[in-house]
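Written out below as C-alpha cells is the structure these notes cover.
There are 2 protein chains.
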Amino acid sequence: MLEKTNRMNYLYDFYQALLTPKQSSYMALYYLDDYSLGEIAEEYDVSRQAVYDNIKRTEAMLEEYEEKLLLFEKFQKRSELITKMKQLASDGENSVLAEMIAELEKLD
Amino acid sequence: MLEKTNRMNYLYDFYQALLTPKQSSYMALYYLDDYSLGEIAEEYDVSRQAVYDNIKRTEAMLEEYEEKLLLFEKFQKRSELITKMKQLASDGENSVLAEMIAELEKLD
Chain A
1151 MLEKTNRMNY LYDFYQALLT PKQSSYMALY YLDDYSLGEI AEEYDVSRQA
1201 VYDNIKRTEA MLEEYEEKLL LFEKFQKRSE LITKMKQLAS DGENSVLAEM
1251 IAELEKLD
Chain B
1151 MLEKTNRMNY LYDFYQALLT PKQSSYMALY YLDDYSLGEI AEEYDVSRQA
1201 VYDNIKRTEA MLEEYEEKLL LFEKFQKRSE LITKMKQLAS DGENSVLAEM
1251 IAELEKLD
C-alpha cells in the first residue's frame, strides 16, 4: 500500500495538469494530505462511494497516461543517471561520463 | 510556416500517444509525409473541410498538452544542456559540468 501511495504521488505530480479540478482535489486530499474517503465525502457533501469511484477512475487515468507517455519511468531512469553522473563528474572520469550523457540523451 | 511545421512535428512526436488513431493518421500524413488536405480527403473518402477541421482541432489539442506538460520545452532545454555537457566532459571541466547537471536535474 505504501508503494502504491508513493507511485500515485509521483503519477499525480506528473499528470495533474491533465485532470479536472475535482479529480485533482480528491487525489490531493487522499494521497498528499492523507484524508480518508469519509472525510473527503464530508468536505464535498457527496457520498463516500462517489469519492471512491472518482479516485479509482482517476488512478486508472493516471496509469493510462503513464503507459502512453512514460514520464515517471523516464524520470526514474534520468534520476539514476544524474546521480551517477554527479559522482563521476566529481571523480573526473570523463569517458564513462560521456557514455552516460549519451544514454541520458536517448531518453528524450 | 516552416517553423510551425517543425513545431507540430515535435509536438506530434511527444503527444501522439494521446491522440485518436484518426487524428494521428491525418497529422502524420499532413506533417510528416507532406500530403495535401485534398490528398488526405481522397485517401479517407471524406471532405477536404473535414480533414482541415480535424487537423486544426488536433493542432489545438497538441498545443494544449504542451501548455500543460511542457515536454517539448523541457526537451529543448535538456538538449541544450546535453550539448554543452558533452563538450565539457570532453574538455575535463568538471566543476562547471556539475552545475549543469544540477540544472538538468531541476527540469524533472
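Note that the protein sequences, when read in sequence, are chains A and B. Going by the working numbering, the letters in the first sequence line up with residues 1151 to 1258, in that order. Going by the working numbering, the letters in the second sequence line up with residues 1151 to 1258, in that order. Where a beta carbon is used, it is the ideal one built from N, C-alpha and C, also for glycine. In this text, all values refer to a predicted model and were calculated from it rather than measured experimentally.
DSSP-derived helix/strand/coil call for residue i
i: Val-1196 of chain A; result: coil
i: Gly-1242 of chain B; result: coil
i: Asp-1184 of chain A; result: coil
i: Thr-1233 of chain A; result: helix
i: Leu-1220 of chain B; result: coil
i: Leu-1257 of chain B; result: coil
i: Thr-1155 of chain A; result: helix
i: Leu-1169 of chain A; result: coil
Residue-chain proximity (residue i, chain A), Cβ-Cβ < 8 Å
i: Leu-1152 of chain B; result: no
i: Lys-1236 of chain B; result: yes
i: Lys-1218 of chain B; result: yes
i: Ser-1240 of chain B; result: yes
i: Ala-1167 of chain B; result: yes
i: Ile-1190 of chain B; result: no
Residue i classed as buried or exposed, judged by whether at least 16 other C-beta atoms fall within 10 angstroms
i: Ala-1210 of chain B; result: exposed
i: Gln-1173 of chain A; result: buried
i: Leu-1247 of chain A; result: buried
i: Arg-1207 of chain B; result: exposed
i: Leu-1219 of chain A; result: buried
i: Leu-1169 of chain B; result: buried
i: Leu-1179 of chain B; result: buried
i: Leu-1152 of chain A; result: exposed
Check whether residue i and residue j have beta carbons under 8 Å apart
i: Glu-1255 of chain A; j: Ile-1190 of chain B; result: no
i: Phe-1222 of chain B; j: Glu-1216 of chain B; result: yes
i: Ala-1239 of chain A; j: Asn-1244 of chain B; result: yes
i: Tyr-1162 of chain B; j: Tyr-1181 of chain B; result: yes
i: Ile-1251 of chain A; j: Met-1235 of chain B; result: yes
i: Leu-1212 of chain B; j: Tyr-1165 of chain B; result: yes
i: Leu-1187 of chain B; j: Lys-1227 of chain B; result: no
Residue i at chain B interface by Cβ criterion, 8 Å
i: Ile-1205 of chain A; result: no
Taking beta-carbon pairs under 7 Å, can you tell me which members of the segment 1241 to 1258 of chain B lie near chain A? Gly-1242, Asn-1244, Leu-1247, Ala-1248, Ile-1251, Leu-1254, Glu-1255, Asp-1258
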